[in-house]
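Enquirer: Before I ask anything, here is the structure I am working with.
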């Protein structure tokens with residue numbers, strides 16, 4: 022009889038330990054507060070620290086720029102069609118969010134630092150949206166920021182001093198505390214973009 026009680030005690034203790042371990046592991050499992058908002062998955066980390074130059078010629082970091090939910094786009098001001106349309110779409114989404122009482126900052130990072138001086142990106146950003154932040158920098162700074170977000174760009178050979186730049190066209194939603202949370206393809210219309218961004222902002 023004593024042996025039976027001893028075996029039963031061991032079994033009960035084992036069950037208790039397993040249950041305790043399960044609760045501890047459950048509590049330590051990271052939860053994604055934005056899971057209900059995500060429509061895309063990206064393998065590995067995306068985004069990260071950068072150091073660039075703003076429209077006033079000041080060197081700024083990601084911590085200086087991303088002080089509120091921000092929508093980042095990599096392009097160049099001499100782009101004949103795609104960039105203006107994409108940036109205008111982003112500005113429209115930001116305006117829709119403003120009407121809904123949500124503030125998101127549009128950010129434009131050039132991938133053509135040779136022509137896009139601080140003054141040029143400042144003028145471009147001001148035309149596109151009054152709160153848009155325009156950023157440029159040295160070729161090395163631009164390359165580092167581009168690599169952090171895994172964007173692609175390559176200048177074509179110049180003809181009579183003029184050239185185009187091939188580049189990717191994603192827009193990236195970045196939050197001050199969470200970092201990168203979502204990207205948007207260029208075919209996403211502004212209302213749909215605003216709806217998705219609003220979901221992330223609501224979770225903050």
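In the working numbering, the protein residues as written are 22 to 225.
The beta-carbon is built from N, C-alpha and C at its ideal position, and this holds for glycine as well.
1. Which of the three DSSP states is assigned to residue 181 in this structure?
2. Is any heavy atom of the ligand FAD found at a distance shorter than 7 Å from the C-beta of residue 54?
3. Indicate the three-state DSSP secondary structure (helix, strand or coil) for residue 91 in the structure shown.
4. May I ask you to verify whether the segment 62-82 touches the segment 98-118, counting CB pairs closer than 8 Å and requiring at least 3?
5. To test your reading of the DSSP string, which unbroken beta strand (DSSP E) runs of 3 or more residues are found completely within the segment 104-173?
6. Can you tell me whether residue 84 is buried or exposed, with buried defined as 16 or more other CB within 10 angstroms of its CB?
7. Please state the DSSP three-state secondary structure of residue 55.
8. Only counting the same chain, and skipping five residues up and downstream in sequence, which positions put a Cβ closer than 7 Å to that of residue 142?
Expert: Inspection of the coordinates gives the following:
1. Taking the chain shown and counting its residues from 1, the one referred to as residue 181 is at position 160. Note: residue 181 maps to coil in three-state DSSP.
2. Inclusion of the ligand FAD in the displayed structure is not the case, the ligand content being empty and no account of it being possible.
3. Residue 91 sits at position 70 when you count from the first residue of the chain shown. Residue state, collapsed to three classes: strand.
4. no
5. 126-131, 154-157
6. For the purposes of this step, residue 84 is identified with residue 63 of the chain shown, where counting begins at 1. Label assigned to residue 84: exposed.
7. Taking the chain shown and counting its residues from 1, one reaches residue 55 at position 34. Of the three classes helix, strand and coil, the one that applies to residue 55 here is coil, per DSSP.
8. Within the chain shown, numbered from 1, the residue matching residue 142 stands at position 121. Within the same chain, residue 142 has close Cβ partners 76, 98, 129, 131, 155, 156, 157.
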